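Residue numbers (my numbering), protein chains in the order written: chain A, 30 to 182; chain B, 30 to 182.
All C-beta atoms, glycine included, are put in the ideal place defined by N, C-alpha and C.
Bear in mind that the values here come from a model prediction, so they are computed numbers and not experimental data.
2 protein chains.
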Amino acid sequence: MSDDRDAVRTWLALLGASRGLEKAVDTGLRGRFGHSISRFDVLSALDRAGAEGLRAGALTERLMVSDGATTQVTAPLIREGLVRRISDPEDGRAAIFSLTKKGAKLFAGMAAEHRQWIDCAFEALTPAQMKSLRRLLVQIDPVNIARSTKDAA
Amino acid sequence: MSDDRDAVRTWLALLGASRGLEKAVDTGLRGRFGHSISRFDVLSALDRAGAEGLRAGALTERLMVSDGATTQVTAPLIREGLVRRISDPEDGRAAIFSLTKKGAKLFAGMAAEHRQWIDCAFEALTPAQMKSLRRLLVQIDPVNIARSTKDAA
DNA sequence: GCGTGTTATTTTATATCTAAAATATACCTC
DNA sequence: GAGGTATATTTTAGATATAAAATAACACGC
């Protein structure tokens, strides 16, 4: 068998594993808590940030989405009283997001369940295999694509 | 260091690698060809299917998306004359999608470039490492999540 | 032949993302 | 402190996804 498409085959395996797990987690979160994985990511970032919360820009950066998405995803969380938005007293332009008590409590439950799901999904891998997997994953370099695309243009 | 969150850390690494590469490929395809990665996937599936093409249901299954998405993603491709839709002569309900000559030609160019990008992104990995990576990836089992979610409900 | 039910696809409503335009406020220079 | 410029965020428009309702066509039993 030729190895000509090794990289493409590996990419398809990576994409399949990631999408499959993401879909399963999203379905689980929606079913159990009525929130998408995007919202879970917001709650997670804010939980980690603690009491000071995060500015909209910082939240956007951590979620690796666009600024518009942050506004939209936080909106329903604010409506439900899980997230609080206040103006930065030091910069009137900036908005600071943080978890309410209710939001923190809900997130704790979500995170516990989420962790169990992930543990189940990775059950077949030993800790050493997981470490090996992480080491391989970080060697993949998407920046190379951006470069070669620019060259071709 | 505790290994308590090994699985979650691995999941985050997987998600990061996959999203990063997907984003880079999507950006590359849009910049060079004006088509999203979703459309590329459609063209790819139809190219593989050859002259007989694929029924809408089969295309949906291969893309692993919902049936509605197939209708919507193919629409612009049909408008641009890259994909053809005809009624199945043996089943008036079914639609059969196939590539036009123009679509096949465009896809050939896209696929060649796509492969170069992926080769670049995986440059740091040896063929043996890629094989090892694939073997680890297929052991991840999202179905476990669906099961445990159902139990909890 | 004709209702009845199943199946294939499309349509519709909603959610989420991006990119770009609009808005609002801070900061800097004079 | 007034005006221009830069920056932070929201809004808007468009793409893509899902889920569920609607549409259309086949197929079976009578």
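Going by C-alpha positions, alanine 78/A is about 20 Å away from glutamate 142/A. If you check the CB distance, leucine 50/A and alanine 150/A come in under 9 Å.
Its chain contains Asp55, Leu58 and Arg59 as the residues whose beta carbon lies nearer than 7 Å to that of serine 65/A, once the 5 sequence neighbours on both sides are disregarded; these appear in chain order.
Here isoleucine 147/B really is in contact with alanine 36/A; their C-beta atoms are around 5 Å apart, less than 8 Å.
At a cut-off of 9 Å between C-beta atoms, arginine 77/A does not count as an interface residue with respect to chain B. Closest by C-alpha distance to leucine 165/A, out of Gly86/B, Leu111/B, Ala153/B and Leu128/B, is Ala153/B. Going by beta carbons, arginine 34/A and arginine 163/B fall outside the 9 Å limit. Contact fails between the segment 78-91 of chain A and the segment 132-139 of chain A, because fewer than three Cβ pairs, one in each stretch, are under 8 Å apart. At least 9 Å separates the CB of lysine 134/A from every CB of chain B. Neighbourhood of alanine 150/A in chain B, by CB distance below 8 Å: Ala36, Trp40, Ile169, Asp170, Pro171, Asn173 and Ile174, in chain order. Counting every other CB atom within 10 Å of its CB across the protein chains shown gives methionine 93/A a total below 16, marking it as exposed. Valine 112/A is not a Cβ neighbour of threonine 100/A, given a cutoff of 9 Å.
Membership of arginine 113/A in the beta strand (DSSP E) is indicated by the continuous run 112-117.
At a cut-off of 9 Å between C-beta atoms, leucine 88/B does not count as an interface residue with respect to chain A. Residues of the same chain with a CB within less than 6 Å of the CB of valine 172/A, apart from the 5 flanking positions on each side, do not exist. Secondary structure remark: continuous alpha helix (DSSP H) runs of at least 4 residues inside the segment 63-99 of chain A, in chain order: 66-78 and 85-92. Nearest to leucine 72/B by C-alpha distance, out of Val167/B, Leu128/B and Arg114/B, is Leu128/B. Burial is judged here by how many other beta carbons sit within 10 angstroms of a residue's own beta carbon; alanine 46/A has at least 16 and is buried. Those residues of the segment 38-62 of chain A placed with their C-beta closer than 8 Å to a C-beta in chain B are Arg38, Thr39, Trp40, Ala42, Leu43, Leu44, Gly45, Ala46, Ser47, Arg48, Gly49, Leu50, Glu51, Lys52, Ala53, Val54, Thr56, Gly57, Gly60 and Arg61, ordered along the chain. Residue pairing by DSSP places leucine 128/A opposite Val112/A in a beta bridge. Under a 10 Å Cβ-count criterion, isoleucine 115/A is classified as exposed, with fewer than 16 other Cβ atoms of the shown protein chains found around its own Cβ. With respect to the 9 Å criterion, serine 161/B and serine 161/A are classified as neighbours on the basis of their beta carbons. Less than 9 Å separates the beta-carbon of proline 105/B from that of arginine 68/B. At least 9 Å separates the beta-carbon of alanine 53/A from that of valine 167/B. With a 10 Å radius around the Cβ and a threshold of 16 neighbouring Cβ atoms, alanine 80/B comes out exposed. Beta-bridge analysis with DSSP links aspartate 120/A to Asp117/A. The beta carbon of arginine 163/B sits closer than 9 Å to some beta carbon of chain A. Identification of chain A residues near glutamine 101/B by a Cβ-Cβ cut-off of 8 Å yields none; the smallest Cβ-Cβ distance measures about 19 Å. Taking a contact as a CB-CB distance under 8 Å, the pair aspartate 76/A and alanine 133/A counts as one, their CB atoms being some 6 Å apart. The DSSP-derived three-state label of proline 171/B is coil. Residue-level contact check: alanine 80/B does not touch chain A, since none of the beta carbons of chain A fall below 9 Å from its beta carbon. Secondary structure note for arginine 163/A: its alpha helix (DSSP H) is the uninterrupted segment 156-166.
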